[in-house]
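Enquirer: I am attaching a structure below and will ask some questions about it afterwards.
Numbering (full-length UniProt numbering), first residue to last: 1 to 285.
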């Protein structure tokens, strides 16, 4: 323990800027023939941490490192040879997968065309519309929640129902007075999200109010809710394109990615054969 404390004290008082060769690096711990060097733990301690806490952080890391190293060595010595070989194959395969995946992802990021035009989205949607059924109602709606004690409710109601440009401007300028609101009725919203925003609406009474171009008003103990339904789609109907546009875009990009990687792998093989870096011997067939 005294030796470890001395090592830790040295760690904090010797400069980290001194560049050394592998054999000259300062060692802070050893397990068998494996060494842990000072520069490997240099970044562990955040700035501003006290000397005592810094020593504790480093000590805990050293103990953790040593435990893992000892467990690995004991496993290699005590597991049967067949099991060790199986693990070595798994480790090799995992390393290969990590490298190849990172390399392919970098190539995809650099080379893949990520622009999806509207006509491509529309074409894919039209060809696969039956695969995009709604699992709940969606609605285009404009709503406004007003505290019951607000003395402008009647004026808000008139402007909300008429909703000309000047009405929109007026209502939007007083948004700080509302419990909640949404004036953008060009977006499709899930019915479950609307129910969260408008407490008097429930799954049971939703069908009563989901009627196109209908204005309705609901109340509860906290406030008054004004709503106008612009459009709606029922569960089981084909989802509107604008509602699933992000999903379709991602599908198209995934298809491009798969095609790109497939062609890339083919090109890698062909180039290696051409450059005589890869060949299959007749005896192997």
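Backbone N, C-alpha and C fix where the C-beta goes; we use that ideal spot for every residue, glycine too. Since this is a predicted model, take the numbers as computed values, not measurements.
Run through the stretch 67-141 for me and flag every whole alpha helix (DSSP H) of 4 or more residues, listed as ranges in chain order.
Expert: Those alpha helix (DSSP H) runs which fall completely within the stretch 67-141 and span 4+ residues are 81-111, 118-127.
Enquirer: Kindly list the residues whose CB is nearer than 7 Å to the CB of residue 159, restricted to its own chain and excluding five residues on each side of it in sequence; keep chain order.
Expert: Excluding positions up to five away in sequence, the list reads 167, 170, 171.
Enquirer: Is the stretch 223-242 close to the stretch 133-147, with three or more CB pairs under 8 Å?
Expert: With the cut-off at 8 Å, the stretch 223-242 and the stretch 133-147 touch.
Enquirer: With three or more C-beta pairs closer than 8 Å as the rule, is the stretch 111-125 touching the stretch 248-261?
Expert: Contact holds: three or more Cβ-Cβ distances are below 8 Å.
Enquirer: Nearest to residue 240 by CA position, among 143, 62, 187, is which residue?
Expert: Checking every option, the nearest Cα to that of residue 240 belongs to 187.
Enquirer: Taking the CB atoms as reference points, tell me whether residue 29 and residue 66 lie closer together than 8 Å.
Expert: Taking 8 Å as the Cβ cut-off, residue 29 and residue 66 qualify as a contacting pair.
Enquirer: Starting from residue 260 and walking both ways along the beta strand (DSSP E), at which residues does that stretch end?
Expert: Taken as a continuous stretch (DSSP letters only), residue 260 belongs to no beta strand (DSSP E), being part of the alpha helix (DSSP H) at 241-274.
Enquirer: Let's test the definition: count the other Cβ atoms within 10 Å of the Cβ of residue 209 and tell me whether it reaches 16, buried, or not, exposed.
Expert: With 16 or more Cβ atoms within 10 Å of its Cβ, residue 209 is classed as buried.
Enquirer: Per DSSP, what are the beta-bridge partners of residue 48 in this structure?
Expert: DSSP, once it has assigned bridges, lists no residue as partnering residue 48.
Enquirer: Assuming residue 198 and residue 143 form a contact by the criterion Cβ under 8 Å, report the distance between their Cβ atoms to the nearest whole angstrom.
Expert: About 6 Å; that satisfies the 8 Å criterion.
Enquirer: According to DSSP, is residue 278 part of a helix, a strand, or is it coil?
Expert: Three-state result, residue 278: coil.
Enquirer: Are residue 282 and residue 273 close, meaning C-beta to C-beta below 8 Å?
Expert: Cβ atoms of residue 282 and residue 273: not closer than 8 Å.
Enquirer: Evaluate residue 181 with the Cβ neighbour count: other Cβ atoms within 10 Å of its Cβ, from every protein chain shown; 16 or more gives buried, anything less gives exposed.
Expert: That one is buried.
Enquirer: Return helix, strand or coil for residue 180, following the three-state DSSP convention.
Expert: Here residue 180 sits in strand by DSSP.
Enquirer: Thinking C-alpha only, which one of 108, 93, 33 is nearest residue 72?
Expert: Here the closest residue by C-alpha is 33.
Enquirer: Could you name the residues that DSSP lists as bridge partners for residue 224?
Expert: BP columns for residue 224 point to 146, 219.
Enquirer: Less than 8 Å between the beta carbons of residue 129 and residue 224, yes or no?
Expert: It is not a contact, given that the beta carbons lie outside the stated cut-off.
Enquirer: Would you mind reading off the limits of the beta strand (DSSP E) that contains residue 27?
Expert: Its beta strand (DSSP E) spans residues 27-31.
Enquirer: Who are residue 35's beta bridge partners in DSSP?
Expert: DSSP lists 30 as partners of residue 35.
Enquirer: Would you tell me roughly how many angstroms separate the C-alpha atoms of residue 276 and residue 268, rounded to the nearest one?
Expert: Between residue 276 and residue 268, the C-alpha separation is close to 12 Å.
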